[in-house]
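For reference, the structure is listed below as C-alpha cells.
Protein chains in written order, with the working numbering: chain A, 1 to 321; chain B, 322 to 642.
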C-alpha cells in the first residue's frame with residue numbers, strides 16, 4: 001500500500017459539512033455567516049507526548065482530544081480539522097486503530113477531517129483544529145478580573161499519577177490504575193463546558209502543562225495575581241479516588257503540577273456562581289472553586305492552615321523536562 | 322531559554338488582521354463575508370523533505386512556500402497559518418534564521434502567523450495554511466475537461482537536478498548548480514498565478530511529487546486521460562539553462578518525475594489560451610502548453626516523433642522512495 005492508498009483507505013470519507021474534503025490541494029468550507037474562526041495546532045511526538053506502547057486507538061482519540069480541548073478553552077464549537085502524520089513505516093493494523101479512535105471522537109463532536117498530509121518519519125502527529133465562535137464570545141486568557149473565583153473542571157492529577165505508576169515510581173490498585181490510565185490515554189475534551197461558559201466565565205485556559213503553570217499564563221496575560229487554596233486537594237470532586245490513595249504532599253504535586261489533565265481552568269465573578277453551576281450541570285461535569293484572582297502578580301498557594309507555601313509548582317516545559 | 326520564551330522571541334508579533342494572534346489556546350479571526358475557507362497542511366521531516374545542511378533561513382522559507390503552493394493551486398488568497406515545530410534542542414541561531422525566512426515570505430504574501438506549537442523531538446515542521454476564495458471560484462483537481470490544453474508554469478526539473486548534484490550523481494557548472502539549488506531550497510509559490518487563473522483554468526494542482534504523477538491525480542479525479550508532448554522538454558521556457566546541459570533522456574526524467582517543483586499544472590479550454598497568457602503576464606511567470614486532456618484514462622507520453630513511449634514516470638511516494 002502506498003501513501004495515496006492509505007489516505008483513501010483510512011482517512012477519506014465523504015465530505016459532510018465541508019464543500020470539499022480530503023483529496024485536493026486544499027479543503028474548502030463555508031464558515032457560518034458572522035462567526036469568527038478559532039484555530040489551534042498541536043504536535044505530538046512519540047516518547048515525549050505518548051509512549052510507544054499506547055494502543056493506537058487511544059492515541060487517535062488523544063491526538064484529537066488535546067486539540068478539541070484548546071477549542072473548548074476558547075468557547076469555540078468544533079467544525080473541522082487537518083491531520084499531518086509522519087510514520088516510520090505503513091502499519092495497517094496501527095492505522096486502522098489510530099483512525100478508528102480519531103474518527104470516533106471526531107464524529108462525537110461533529111468535527112470533520114478535511115485534509116492533511118502523510119509522510120515517512122519518526123512517529124509524529126500534528127492536528128490543526130478549527131472551530132466557530134460568535135464575535136466577542138470567545139473565552140480568553142487575558143480577561144481575568146480581580147475578585148474572580150477560580151474554578152477547575154472535572155479532576156486533576158490522574159494522568160500524571162498513571163505515568164508515575166508506569167515509570168514504576170508509584171503503585172496503585174489495578175482498578176485505580178485503570179481509571180488513571182484512561183484519563184491519561186483518553187482525555188475527554190470539555191467542549192460542552194466551554195460552550196456553556198460563554199458569557200459566564202471571564203478567562204479560561206485548558207490545563208495541559210500543569211494547573212499552577214497554566215494558571216500562571218492567565219495571570220500574566222490578565223496582569224493579575226491569584227491565591228489558590230488547597231483544601232480542595234484534601235477532599236473534593238476535583239480529586240479522584242485514585243488520587244485520594246496518595247499522601248497529601250504527593251497529591252498536591254500531581255494536582256498542581258501534574259500536567260496532561262485537559263480540564264478547563266476558568267475564572268468568573270462571584271455573582272456568577274449559580275450560572276457556573278448551571279453550565280457545569282448542562283455539560284455534565286463537576287466544577288470546583290479552587291481560589292481567587294487578586295491584584296498584584298504571581299500565584300500564592302495556601303496550605304491547609306491558610307499559610308502561604310514557599311514551594312513552587314513549575315509548569316511543564318517541553319525543552320526542560 | 323524555555324519553550325514559552327522562544328515562542329515570544331521568535332514567533333510572536335502583534336496581530337494584524339487576526340482578532341487574536343499567537344499566545345492563547347486558539348487564534349481568532351474573521352473571514353471576509355461570503356468567502357469560503359481553503360485549508361492545507363504539510364509536514365516536513367529532516368532527512369526526507371530537507372537535508373540537515375540546508376541554511377535555516379531557506380528552510381523557513383520553504384516550509385511556508387510548499388503550503389502557499391497548495392493555496393495557489395486552489396486559487397485561494399493566503400490569510401493566515403499555524404506552525405508546529407519539533408526540534409531536538411533550542412538553538413537560537415537556527416531559530417533566528419528559520420523565523421526570518423518564514424516570516425519574510427509570510428509578509429510578502431500578507432499571510433499571518435496566528436498560532437502553533439513547539440516541542441522537543443526530531444526536527445519536524447508542520448504548517449497549516451488558510452486562505453479565502455469566493456464560493457465556486459476554487460480551482461479543483463476534478464474539473465479537467467476533454468479537449469483542455471495542459472499547461473505548466475515556470476520551469477520543472479531544477480530541484481531534482483540540484484538534489485542529484487548534491488548526491489554526487491551529476492555535476493553542473495557552479496552557476497547552474499546555484500540556480501537549481503535556489504529552486505530546490507527557496508521555491509516561489511505561484512500564488513499570483515493561482516489567483517489570476519480563477520475563471521480561466523478548469524483544473525489545477527501544484528507539482529510537488531513529479532509532473533506526471535501529479536497530473537495523474539488530476540486525471541483520476543476528473544475521470545479523463547491525457548496526452549503529453551515532449552518537444553517542450555527539448556526547448557521551452559519550462560526547461561532552464563541548467564536542465565539544457567543534460568542529455569534529453571535524463572532531462573525527461575527530471576522534468577516529468579523530478580518532484581519538488583512547486584509549479585502549477587493546470588488545464589484550460591483551447592479558447593482560453595489568450596486568457597491564460599494574460600494571467601501568466603499578470604503574475605509575471607511563464608506558462609508552457611505541454612499536452613491535452615483526452616477521453617479514456619491514464620497518461621500517454623509521446624516521444625519527439627509523436628510515438629507513445631512505453632516508459633512510466635512514477636509519482637514520488639513518501640513510503641516507497
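The C-beta atom is built at its ideal place from N, Cα and C for all residues, glycine as well.
query	result
Residues that residue 40 of chain A bridges to, as DSSP identifies them	A:129
Straight-line gap, residue 601 of chain B to residue 54 of chain A (C-alpha atoms, nearest Å)	51 Å
Anticipated Cβ contact below 8 Å, residue 182 of chain A with residue 61 of chain A, distance rounded	No, residue 182 of chain A and residue 61 of chain A are not in contact; Cβ-Cβ is about 11 Å, not under 8 Å.
Chain-ordered chain B contacts of residue 143 of chain A [CB-CB under 9 Å]	Correct list: empty, because the minimum Cβ distance to chain B is about 10 Å.
Extent of the continuous alpha helix (DSSP H) to which residue 555 of chain B belongs	552 to 555
Run of the beta strand (DSSP E) containing residue 644 of chain B, from where it starts to where it stops	In the structure as shown, chain B starts at 322 and stops at 642, and residue 644 of chain B therefore has no counterpart that could be examined.
C-beta atoms of residue 263 of chain A and residue 65 of chain A nearer than 8 Å	no
8 Å Cβ cutoff met for residue 168 of chain A and residue 314 of chain A	no
Distance CB(residue 459 of chain B)-CB(residue 543 of chain B) smaller than 8 Å	no
DSSP three-state assignment for residue 299 of chain A, whether helix, strand or coil	strand
Collapsed DSSP secondary structure at residue 353 of chain B in the structure displayed	coil
Whole-Å CB distance - residue 202 of chain A paired with residue 267 of chain A, under 8 Å assumed	5 Å
Chain B within 8 Å of residue 60 of chain A, Cβ atoms only	no
Nonlocal neighbours in the same chain, by C-beta distance under 8 Å from residue 598 of chain B, ignoring five residues either side	608
Min CB distance residue 399 of chain B to chain A below 8 Å	no
Residue 359 of chain B: contacting residues in chain A (beta-carbon distance under 8 Å)	26, 27 and 28
Contact belief for residue 356 of chain B with residue 86 of chain A at Cβ below 8 Å, rounded distance in angstroms	About 32 Å separates the two Cβ atoms, so there is no contact after all.
Residue range of the alpha helix (DSSP H) that includes residue 543 of chain B	532 to 543
Residue 332 of chain B versus residue 380 of chain B - alpha carbon distance	15 Å
8 Å Cβ cutoff, residue 152 of chain A in contact with chain B	no
From A:242, A:227 and A:244, residue whose alpha carbon lies closest to that of residue 309 of chain A	A:227
Under the three-state DSSP convention, the category residue 98 of chain A falls into	helix
Residue 188 of chain A - DSSP class collapsed to helix/strand/coil	coil
Continuous alpha helix (DSSP H) assignments of at least 4 residues falling wholly in the region 143 to 209 of chain A	158 to 166, 174 to 185 and 191 to 196
Given residue 413 of chain B as reference, the closest of B:393, B:423, B:395 and B:377 once Cα atoms are compared	B:377
Cβ pair residue 403 of chain B, residue 436 of chain B closer than 8 Å	yes
Delimiting residues of the beta strand (DSSP E) encompassing residue 258 of chain A	Note, residue 258 of chain A: premise wrong, no beta strand (DSSP E); not H, not E.
Beta-carbon proximity list for residue 283 of chain A, same chain, < 6 Å, skipping 5 on both sides	192, 193 and 196
Nearest-angstrom Cα separation, counted from residue 351 of chain B out to residue 79 of chain A	15 Å
Residue of B:367, B:540, B:478 and B:581 minimising C-alpha distance to residue 447 of chain B	B:367
Supposed close pair residue 581 of chain B, residue 481 of chain B - CB separation, criterion 8 Å	6 Å
Inter-residue Cα distance where the pair is residue 419 of chain B and residue 243 of chain A	44 Å
Cβ of residue 122 of chain A within 8 Å of any chain B Cβ	yes
Identified DSSP bridge partners for residue 398 of chain B	B:453
Residue 337 of chain B classed as buried or exposed, judged by whether at least 16 other C-beta atoms fall within 10 angstroms	exposed
Cut-off 8 Å between Cβ atoms - residues of its own chain near residue 321 of chain A, not counting five sequence neighbours on either side	Any reading at residue 321 of chain A needs caution, since the residue's pLDDT is 47, under 50, leaving its predicted position unreliable; the model's value is listed next. Closer than 8 Å at the Cβ level, and outside the excluded window around residue 321 of chain A, lies no residue.
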